[in-house]
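Sequential numbering from 224 applies to the sequence shown in the working numbering.
C-beta: ideal position from N, C-alpha, C; glycine also.
Computed from a prediction, not measured in an experiment: that's the story for all the values here.
Written below as structure tokens is the structure these notes are about.
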Amino acid sequence: MNIFQVSGRAMSAQLVRMNTTASNLANAGSVATTADAAYKTMKPVFRTHFDAANALATVDVESVVNAGEAPTKRYDPGNPLADAEGNVFESAVDETRELVDMMEAARTYQNNVEVMQTAKTLIVDTLKLGR
């Protein structure tokens, strides 16, 4: 593995994080007929990957799991998705937490872009020394 692969894998992991966060935000406030059918917050699970040959470590997305609180039961008899008792189940997406996660993932992604840019600049400058 080289620095470009390390940063590339980290960027891929942050992209998965951004996509799950975007999905969570898109489904905030959605309702369903049952608690099982209600949207549940998704979070990626990261795992460190160590390359012993180069002594470099990076991150991989191991899986995406449902996390967070259970959907909330709300009395809304006028809703077409209401059950026989007039209840709907609303997704328990914490929009503030999701926005903070999105900002953090974007910053981490940008940091890895900067690492790649710096590595590229150093390689080009090193090649220029040989002229």
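Secondary structure of M265, DSSP reduced to three states: Translated into positions along the sequence shown, residue 265 becomes position 42. It is a strand residue.
Taking buried to mean at least 16 other C-beta atoms within 10 Å of its own C-beta, is Q237 buried or exposed? Taking the sequence shown and counting its residues from 1, the one referred to as residue 237 is at position 14. Label assigned to Q237: buried.
Do A249 and V316 have their beta-carbon atoms positioned less than 7 Å apart in this structure? One-based indexing of the sequence shown puts residue 316 at position 93. One-based indexing of the sequence shown puts residue 249 at position 26. Not a contact, by the Cβ cut-off of 7 Å.
At which residues does the beta strand (DSSP E) containing T281 begin and terminate? Sequence index remark: in the sequence shown, residue 281 carries index 58 (1-based). Its beta strand (DSSP E) spans residues 279 to 289.
Can you tell me whether DSSP reads D274 as helix, strand or coil? Position 51 of the sequence shown, counted from the first residue, corresponds to residue 274. If DSSP states are grouped into helix, strand and coil, D274 belongs with the strands.
Alpha carbons only, please: which of T331, Q228, R354, E292 is nearest the one belonging to N277? Numbered from its first residue, the sequence shown carries residue 277 at position 54. For N277, the closest alpha carbon among the candidates T331, Q228, R354, E292 is that of Q228.
Just list the residues that DSSP pairs V239 with in beta bridges. For the purposes of this step, residue 239 is identified with residue 16 of the sequence shown, where counting begins at 1. DSSP output for V239 lists no bridge partner at all.
Restricting to Cα atoms, I'd like to know which of A255, M265, P300 is closest to R320. Against the sequence shown, residue 320 aligns to sequence position 97. Residue M265 is the option with its Cα nearest to R320.
Close-in-space but distant-in-sequence residues of the same chain around D283 (CB under 6 Å, 5 per side omitted): Position 60 of the sequence shown, counting from 1, holds the residue named residue 283. So the qualifying residues of the chain are R270, H272.
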